[in-house]
Amino acid sequence: MVLRTEAWRRHGVIVAILGLLCFVPLLVHNPYLLHLFILSMLYAMLAGSWNLINGYAGIFTFGHQAFFGLGAYASALLAMHAGLSPWITLWFAGCVAALAGLAIGLPVLRIRSVAHVAIVTLAFAVIVQAVVANLPDFTRGTLGLAGIPSFTAFALPGIGIVSFGAGDQVAYYYVALVFLALSMAFMIWLVSGRTGLALKAIRDAEEAADSLGVDPTRYKLIAFVASSFVAGVAGAYYAHYLHILTPDSAIGVSIMVTILVMTLVGGIGTTIGPLVGAFVVTFGLEAMRGLGDYRLMVYGLLLVLFVTFAPNGLAQLRRARPQRHRGEAQGPKPPPKK
Amino acid sequence: MLTQLVIAQIVNGIVVGSMYALFASGLTLIWGTMKMLNFAHGEFFMLAGYLVYFCYAVLSIDPALATVIAVVVVFLLGVVVERTVIHHLLSRPVWQFTTIIATLGTSIILQNLALHLWGPEFQNVPYFVEGMLNLFGIRIAYQRLLILGVSCASIMALWFILKHTRLGLALRATAQDADAAQLYGVNILSIYTLTFGLSAALAALAAAMLAPITAVNPYMGLSPLLKGFVVVILGGLGSFGGAIVGGVLLGVVESLGVLFSSTEWSDVIAFTFLVLVIWIRPWGLFGVEERS
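Here it is, written out as structure tokens:
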């Protein structure tokens, strides 16, 4: 993975955050806190992949949970029935999700309307969830898939055997960190290279980009497939980490809402936004445990408040920038308020 | 016997479909005028369900009056939501995306508020009218006939408002070209507020009618919202007639589907059909092809 030095400098903060995350298990020994860190990293990966389609390609999709869930179920079922190691099924899961991304990307990219794209991607996720829930012989339906194998142990020179039993949360932590770092590097490489330039050009002025020889469909499809792949791998990790999957927990709309909240809080269309957002929202919600049932309402409030007062998220606070997300506006624009 | 069953299911489908049509015409009205999707539409439906439950089932207020109360209160709530959450977003250049998020946030807030206030239990609402009509061996509950009558009447009323009143004229003008409408003296910001309230009221009316059939709970808004989306996309977003035909069509297809396959697959069939329609005719069955 070749990263230009300029790109390294621009993403110094991300590298610093990932570097700091390396030391967390040395200081934090509370299993529950480590679990929260692992969840944050998993969601950072997932929100980051969604941000690739939404923040960079400018296509508002509302069905990202489908790719996460497909990856989770594909990896779990392969590991359980074919007896393959999760280290192998993980990549199959990514490919299954990427294929699904290609399949849904093709019809979606023909549509220009924000509303249609949102509904069709949501419909796709509902289909995936319903199919998984309605195949009890295969997926155990709404009862959920239990007994998903852990990652298999391997030997690491200098450290010894790394195993993934019940008490080995630190091992899971570092695997999540490696996946997060890989996915961040992959996405930074993608958006700071030719593809990223093309995507931004398409997002900001599709006709102009098209006329200059940038094929919008091709680059949008690349973004769609890459994003689905990362989401699928994240889903596979989730399956082998929690060992249990239900259609609701792995493919439910609540995952999409969480992704949306995190990306919006962190800053849409920035590489660092989803990373910061995932940690802020996960730990913030945990800090509000005292609120009990009201915690979910906080999600709703966050969505309304951020979209109204800080549409570019926390990243906006670092430096003022013009609004970056461009929906393909159609029809009349309401005039400015008097 | 089978024919009777099929006919009964078709009648049932038309009844339920007419409610989908009412619910979806609110969604399509908002899209047509404000060019936005309302993810909180299902929560207006849910709140109206609770209002009817409290007024009619708990306080024993006359069902007609309970319906009117629910519709008026939800209309006002719609106006308040539009003024506080949506209004200022509409003056920004990328409101199609931000309004989806804002209405989604509103929906989460309202749903959890209901869950917190009234709990997750299903609350049953008795039928407004008892008894069955027996027509050539086909039995139809009077409640279902009432639903059909109310939805036909309100759809005609809505059509009349849109085509034959100054308000309807202003609404259609705003939908067609907001800038031009404003130049001709239409206060489009008030039109947006009114449209939003009217749309919420349509959801409320559908909820009041359906409450005795489906029972009331905090999550009751999700299913009609998803179906409403299918209906408006099938019918063509922004097309009033499309929402009505699409609604009845979906209702009948679903009711007949129950005869031939298990109910769990009905959603899968509906949404797959939607994705296929989008692939072939992105502008829906009755919508006008938008410039691309």
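Same order as they appear, the protein sequences are chains A and B.
Take the first sequence: its letter number 133 is residue 133 in the numbering used here, and every next letter is one higher.
Positions in the second sequence are counted from 1; adding 1000 to them yields the numbering used here.
Ideal Cβ positions, reconstructed from N, Cα and C, are used throughout, including at glycine.
Computed from a prediction, not measured in an experiment: that's the story for all the values here.
query	result
Chain B beta carbons: is any one of them nearer than 9 Å to that of P247/A?	no
Use the C-beta contact count for V178/A: other C-beta atoms within 10 angstroms, 16 or more gives buried, fewer gives exposed.	exposed
Excluding the 5 residues preceding and the 5 following P25/A in the sequence, name in chain order all residues of the same chain whose CB lies nearer than 6 Å to its CB.	V170, Y173
Let me confirm a value: I1280/B is counted as buried when at least 16 other C-beta atoms fall within 10 Å, else exposed. Which label applies?	exposed
Can you check whether the C-beta of T61/A is within less than 9 Å of a C-beta belonging to chain B?	no
Under three-state DSSP, which class holds L156/A?	strand
Show which residues of chain B have a CB atom less than 7 Å away from the CB atom of F124/A.	V1275
Name the two residues that bound the continuous beta strand (DSSP E) containing M1132/B.	1132–1135
For E328/A and V225/A, what's the separation of their Cα atoms in angstroms?	With a pLDDT of 37 at E328/A, under the threshold of 50, the modelled position of that residue is not reliable, and the figure given next carries that caveat. Each residue's alpha carbon lies about 21 Å from the other.
Between which residues of its own chain and I11/A is the CB-CB distance below 6 Å, once the five residues before and five after are set aside?	Checking the sequence shown, residue 11/A turns out to be His, not Ile. Cβ neighbours of H11/A beyond the five flanking positions: I188.
Going residue by residue through the region 201–279 of chain A, where are the continuous alpha helix (DSSP H) segments of at least 4 residues, counting only ones entirely within it?	206–211, 216–242, 247–251, 253–266
Can you name the residues of chain A whose CB is closer than 8 Å to the CB of N1112/B?	D293, Y294, L296, M297, G300
Who are the Cβ neighbours of S1107/B in its own chain at under 6 Å, not counting the five residues just before and after it?	F1039, A1040, E1043
Quick check on this structure: which residue in H243/A, S227/A, V253/A has the alpha carbon closest to the alpha carbon of Y1219/B?	V253/A
Starting from I1109/B, trace the alpha helix (DSSP H) both ways and give me its first and last residue.	1095–1118
Check M146/A in the structure and name its three-state DSSP category.	Sequence inspection shows Ala at residue 146/A; the Met mentioned does not correspond to that position. Three-state DSSP puts A146/A in a strand.
Between which two residues does the alpha helix (DSSP H) harbouring R1139/B extend?	No alpha helix (DSSP H) contains R1139/B, which is instead part of the beta strand (DSSP E) from 1138–1141.
Who are the near neighbours of M1132/B in its chain, counting only those whose CB is closer than 8 Å to its CB and skipping five residues on each side?	R1139, I1140, A1141, Y1142
How big is the Cα-Cα spacing for A209/A and P216/A?	8 Å
How far does the alpha helix (DSSP H) with Y172/A in it reach, from first residue to last?	169–192
Would you mind working out which of E1254/B, L1077/B, I1007/B, L1250/B sits nearest A1201/B, comparing C-alpha positions?	L1077/B
The alpha helix (DSSP H) that contains R1172/B, what's its start and end?	1166–1176
Here's the rule: buried if 16 or more other CB atoms are within 10 angstroms of the residue's CB, otherwise exposed. What is D1267/B?	buried
Ignoring anything shorter than 4 residues or poking outside the region 82–134 of chain A, list the alpha helix (DSSP H) runs there in chain order.	86–108, 114–133
Using a cut-off of 8 Å between C-beta atoms, extract the partners of A1173/B located in chain A.	Within 8 Å Cβ-Cβ: nothing; A1173/B doesn't reach chain A, min ~11 Å.
Relative to the C-alpha of W91/A, which candidate in G232/A, V265/A, L275/A, M297/A has its C-alpha closest?	G232/A
What number of angstroms, rounded off, separates the C-alpha of I14/A from the C-alpha of A93/A?	27 Å
Which ranges would you report for the alpha helix (DSSP H) in the region 1246–1285 of chain B if only whole runs of at least 4 residues count?	1264–1280
What are the residues that DSSP puts in a beta bridge with Q1123/B?	V1216/B
Chain B partners of A57/A, CB-CB under 8 Å?	Per Cβ cutoff of 8 Å: no residues; A57/A is ~13 Å from chain B at best.
Of all the options T1033/B, T1193/B, V1231/B, A1157/B, which has the alpha carbon lying nearest to the alpha carbon of A1243/B?	V1231/B
Chain B beta carbons: is any one of them nearer than 9 Å to that of R110/A?	yes
Tell me which same chain residues have a C-beta within less than 7 Å of the C-beta of V261/A, skipping the five on either side of it?	V281, Y299, L302, L303
Could you give the C-beta distance for F164/A and A181/A, rounded to a whole number, given that I count them as a contact under 8 Å?	About 19 Å separates the two Cβ atoms, so there is no contact after all.
Spatial neighbours of S85/A within its chain, please: C-beta separation below 6 Å, excluding the five flanking residues on both sides.	T152
Quick check: is the beta carbon of T308/A nearer than 9 Å to any beta carbon in chain B?	yes
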